[in-house]
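Contents: one structure, followed by commentary.
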Amino acid sequence: MSALNDTDIYSQNYNTTSGNLGSYKQFSSPYLNFDPSYLPQAQPEFIFLEGASKQRGRFELAFGQIGGSCMIGASVGGASGFYNGLKATTLAGQTGKLRRTQLLNHVMKQGSATANTFGSIAVIYSAFGVFLSWARGADDDLNTIIAATATGCLYKSTAGLRKCGLGGAVGLGASVLYALWNSRDKFTQLRPLNPAQR
Amino acid sequence: MEEYTREPCPWRIVDDCGGAFTMGLIGGGVFQSIKGFRNAPSGFNRRFVGSLAAIKQRSPIIAGNFAVWGGMFSTIDCALIHIRKKEDPWNSIISGAATGGILAARNGLPAMAGSAFIGGVLLALIEGVGILFTRLSAEQFQPQMPPMEDPSQLRGQQNGGYSFQ
Numbered sequence: 021m022s023a024l025n026d027t028d029i030y031s032q033n034y035n036t037t038s039g040n041l042g043s044y045k046q047f048s049s050p051y052l053n054f055d056p057s058y059l060p061q062a063q064p065e066f067i068f069l070e071g072a073s074k075q076r077g078r079f080e081l082a083f084g085q086i087g088g089s090c091m092i093g094a095s096v097g098g099a100s101g102f103y104n105g106l107k108a109t110t111l112a113g114q115t116g117k118l119r120r121t122q123l124l125n126h127v128m129k130q131g132s133a134t135a136n137t138f139g140s141i142a143v144i145y146s147a148f149g150v151f152l153s154w155a156r157g158a159d160d161d162l163n164t165i166i167a168a169t170a171t172g173c174l175y176k177s178t179a180g181l182r183k184c185g186l187g188g189a190v191g192l193g194a195s196v197l198y199a200l201w202n203s204r205d206k207f208t209q210l211r212p213l214n215p216a217q218r
Numbered sequence: 006m007e008e009y010t011r012e013p014c015p016w017r018i019v020d021d022c023g024g025a026f027t028m029g030l031i032g033g034g035v036f037q038s039i040k041g042f043r044n045a046p047s048g049f050n051r052r053f054v055g056s057l058a059a060i061k062q063r064s065p066i067i068a069g070n071f072a073v074w075g076g077m078f079s080t081i082d083c084a085l086i087h088i089r090k091k092e093d094p095w096n097s098i099i100s101g102a103a104t105g106g107i108l109a110a111r112n113g114l115p116a117m118a119g120s121a122f123i124g125g126v127l128l129a130l131i132e133g134v135g136i137l138f139t140r141l142s143a144e145q146f147q148p149q150m151p152p153m154e155d156p157s158q159l160r161g162q163q164n165g166g167y168s169f170q
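The following block contains the structure:
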């Protein structure tokens, strides 16, 4: 681009038309009737709806998170159900068709149970998160921590006060770890732990 | 119109699965709370306890069934989009029927056929209602013809107007 902006033989003919533009750079090419330096070249440009936030909020991400945790729960539970089924059928000495059906039963039962648990937790967490970001008007790590703690409390709330507190503590610990991991860039900027990295 | 508000295809499966799970959990929660309230022994406190127990026990299972339906449906829908290279109501109807059939696979062939039929009819109804609403709402966006100008007035401007030289 810098070669085009220099005065070369092409631009000499067009200097006369752009002379009255004052502080603008003189135009360089016969095919460009504007200054190419006005075009942003490095950063991408996005078009946003009027009044919409520039990032996807919690509600837009909620269904994906719920479905993802459901699927992860299904695969984890299915795998562990397969393992348990293999052990149980070997112990019981079942073979052939019987063993196949028993294995399928184990996989389906444990997979769906784990998927339901994970999905329910994700739904509760997303509901808390959406509510908090709507109530506070901000979407940050504090929302994550509060929502995760409340989710743990609520999920274990029918099992007694002690279990409830334990669930809340698990939620708090997991969300604090996530928040620290999420903002690890800030920490390394703030206090370089390892000077050899710089 | 609706296709642009959804996720692109492989991620749509996760999204639909989550939406179906949420729908099942909330709907199952409402349904099971009423059922547990009615089936509990008398006394207001006991009824609430029964309602809560029913929600805790049954609504995640209903939600899981919904999620399996949604995920399977979306998977087949995406596969059909990939194979047929187009998105139309037939995709949804076919994948609804296939989902119903596949999820009843362990109940025998007649159950599969009935389930597939029900799934196809259900999705055909949903798609039909969607098309109907699109037709109805498209009425107000009909383009209107701009008023024609009288071409005889253009004759006088031929020399006085723009000159491209």
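Protein chains in written order, with my numbering: chain A, 21 to 218; chain B, 6 to 170.
Backbone N, C-alpha and C fix where the C-beta goes; we use that ideal spot for every residue, glycine too.
For A/E80, the secondary structure class from DSSP, reduced to helix, strand or coil, is helix. Contact check between the region 176-189 of chain A and the region 124-140 of chain A: fewer than three CB pairs, one atom from each, fall below 8 Å, which does not count as touching. Spanning the alpha carbons of B/G55 and A/G97 requires a straight line of approximately 28 Å. Within chain B, no residue has its CB atom less than 8 Å from the CB of A/A99, the nearest being about 17 Å off.
With respect to B/F26, A/G139 sits close: the two C-beta atoms are nearer than 9 Å. A/F148 does not reach chain B, its nearest Cβ partner there being about 14 Å away, counting only Cβ pairs nearer than 9 Å. Distance check between B/I66 and each of B/G34, B/C14 and B/L130 places B/G34 closest, using alpha-carbon atoms only.
Contact of A/I67 with chain B is not assigned, every C-beta pair being separated by 9 Å or more. Residue environment for A/W154: exposed (fewer than 16 other C-beta atoms within 10 angstroms of its C-beta).
In terms of beta-carbon proximity, A/G180 stays away from the interface with chain B, with every pair separated by 9 Å or more. At least one C-beta of chain B is nearer than 9 Å to the C-beta of A/S140.
Of the other Cβ atoms in all chains shown, 16 or more fall within 10 Å of the Cβ of A/V143; this residue is therefore buried. Rounded to the nearest whole angstrom, the CA to CA distance from B/P15 to B/F71 is 19 Å. Only T178 from the region 164-197 of chain A bring a Cβ to less than 8 Å from some Cβ of chain B. Within the model, the alpha-carbon separation for A/G77 versus B/C22 is close to 19 Å.
At a C-beta separation below 8 Å, B/A72 has these neighbours in chain A: G87, C90, A135 and G139. Counting along the chain, no alpha helix (DSSP H) covers B/E12, and no H or E run does either.
When DSSP states are grouped into helix, strand and coil, B/G113 belongs to the coil group.
Neighbourhood of B/P65 in chain A, by CB distance below 8 Å: N136, T137, G139 and S140, in chain order. Interface annotation, A/V143: in contact with chain B, CB-CB separation under 9 Å. Taking CB atoms only, A/S132 has a neighbour in chain B less than 9 Å away. Straight across, the Cα-Cα distance linking B/A103 with A/A62 is about 48 Å.
Per DSSP, reduced to three states, the secondary structure at B/D93 is coil, with no helix or strand assignment. A direct Cα-to-Cα measurement between A/G116 and B/G48 gives close to 53 Å. The three-state reading of DSSP puts B/P152 in coil, since its state is none of H, G, I, E or B.
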